[in-house]
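Enquirer:
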Amino acid sequence: AQKVTQAQTEISVVEKEDVTLDCVYETRDTTYYLFWYKQPPSGELVFLIRRNSFDEQNEISGRYSWNFQKSTSSFNFTITASQVVDSAVYFCALSAAGSARQLTFGSGTQLTVLP
Amino acid sequence: NAGVTQTPKFQVLKTGQSMTLQCAQDMNHEYMSWYRQDPGMGLRLIHYSVGAGITDQGEVPNGYNVSRSTTEDFPLRLLSAAPSQTSVYFCASSYAPNLGYEQYFGPGTRLTVT
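Structure follows, in structure tokens:
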């Protein structure tokens, strides 16, 4: 069985603050993929990043960075110098290589960036 | 490319009514799936398909039916709507999610059952 836990239900920060969204996962598979999706107030789901279980290299893309640590089963997402447009629900998700099933999602973190 | 399209965008049903949510994709993806999104629960998988003619149940399949007669289309049927099915429904497609390819989501259908 797979499970994704996003313990932070809601986070509120002031613009220009850094914020980290936590994601902890459980899986018995040795090959798996982790994702982050963003859902802005308009409601669509936007793919942000994918990581496979063999690549623990952290990634930075502009103001976004991701920290993948297999030792703690975590895949955390940091936004540096947050902006109001970052306000959204962020979902972490997991897909196992051995299964044809689709993504297992966390419950999401509502991020509100205040001006 | 239109990507993943869903119709309708909004729907109100009375308890006991049936309806079909439409989903189509033009990316020639083999994998398609239906999720429902409820507050505080993320997205939960209802049904999925790994190709035309092949479907399987996800986490919350009760009360829903699917079929996949073509690669492009994957309709979701509500057999007898119940208030517990009030939710936002997302259809998604992917080249191969089990190989790490991302899923592309439709814009969603907001369903209210009274």
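These protein sequence lines map, in sequence, to chains A and B.
Letter 99 of the first sequence, counting from 1, is numbered 469 in this note's numbering, and no numbers are missing.
Letter 62 of the second sequence, counting from 1, is numbered 787 in this note's numbering, and no numbers are missing.
The beta carbon of each residue, even a glycine, is placed where N, CA and C say it ideally should be.
Everything numeric in this text was worked out from a predicted model, so none of it was measured.
Determine whether the Cβ of E380 (chain A) lies closer than 7 Å to any Cβ atom of chain B.
Expert: no
Enquirer: Using DSSP bridges, identify the partner residues of N422 (chain A).
Expert: A:Y403
Enquirer: Here's the rule: buried if 16 or more other CB atoms are within 10 angstroms of the residue's CB, otherwise exposed. What is I430 (chain A)?
Expert: exposed
Enquirer: In chain order, what residues of the region 378-405 of chain A put their CB closer than 8 Å to some CB of chain B?
Expert: T379, Y403 and F405
Enquirer: Report the rounded CA-to-CA distance for T796 (chain B) versus V454 (chain A), giving the unit in angstroms.
Expert: 40 Å
Enquirer: By the DSSP assignment, the beta strand (DSSP E) with A451 (chain A) in it spans what residues?
Expert: A451 (chain A) -> no beta strand (DSSP E), and no H or E assigned at all.
Enquirer: Report the three-state DSSP secondary structure of S431 (chain A) (helix, strand or coil).
Expert: Residue state, collapsed to three classes: strand.
Enquirer: Using a Cβ-Cβ cutoff of less than 6 Å, which residues in the same chain neighbour W759 (chain B) once the five nearest sequence positions on both sides are dropped?
Expert: I771, H772, L801 and C816
Enquirer: Assign T796 (chain B) to one of three DSSP states: helix, strand, or coil.
Expert: coil
Enquirer: Are there 16 or more other CB atoms within 10 angstroms of the CB of N844 (chain B), so buried, or fewer, so exposed?
Expert: Limits of chain B in this structure are 726 at one end and 839 at the other, which puts residue 844 (chain B) out of reach.
Enquirer: Could you tell me if I779 (chain B) is buried or exposed, where buried requires 16 or more neighbouring beta carbons within 10 angstroms of its beta carbon?
Expert: Burial call: exposed.
Enquirer: Quick check on Y451 (chain A) - is its C-beta less than 7 Å from some C-beta in chain B?
Expert: It is Ala, not Tyr, that sits at residue 451 (chain A) in the sequence shown. False, the Cβ-Cβ gap to chain B never drops below 7 Å.
Enquirer: Mind checking the region 759-770 of chain B against chain A and listing, in chain order, the residues whose C-beta falls within less than 7 Å of any C-beta there?
Expert: G765, M766, G767, L768 and L770
Enquirer: In the structure shown, what three-state DSSP assignment does Q810 (chain B) receive?
Expert: helix
Enquirer: Please list the partners that L323 (chain A) has in chain B, where partner means a Cβ-to-Cβ separation under 7 Å.
Expert: This structure does not reach residue 323 (chain A), given that chain A is present from 371 up to 485, and the question cannot be answered.
Enquirer: Would you list, in chain order, the members of the region 799-822 of chain B that have their beta-carbon closer than 8 Å to a beta-carbon of chain A?
Expert: V813, F815, A817, S819 and P822
Enquirer: Give me the Cα-Cα distance between E385 (chain A) and M744 (chain B), rounded to the nearest whole angstrom.
Expert: 44 Å
Enquirer: Can you give me, in chain order, the residues of the region 413-425 of chain A that have a beta carbon less than 7 Å from any beta carbon in chain B?
Expert: G413, E414, L415, F417, R420 and N422
Enquirer: Answer yes or no: does any C-beta atom of chain A fall closer than 7 Å to that of P786 (chain B)?
Expert: no
Enquirer: Cutting at 8 Å between CB atoms, please list the residues of its own chain near T482 (chain A), excluding the five before and the five after it.
Expert: E380, I381, S382, V383 and S457
Enquirer: Looking only at DSSP bridge pairs, what is T482 (chain A) linked to?
Expert: Its beta-bridge partners are A:S382.
Enquirer: Based on DSSP bridge pairs, tell me the residues matched to Q742 (chain B).
Expert: According to DSSP, which records beta bridges pairwise, Q742 (chain B) is partnered with nothing at all.
Enquirer: Looking only at its own chain, which residues have a Cβ that is under 8 Å from the Cβ of R739 (chain B), when we skip the five neighbours before and after it?
Expert: The identity of residue 739 (chain B) in the sequence shown is Lys, whereas the question assumes Arg. Around K739 (chain B): A806, V838 and T839.
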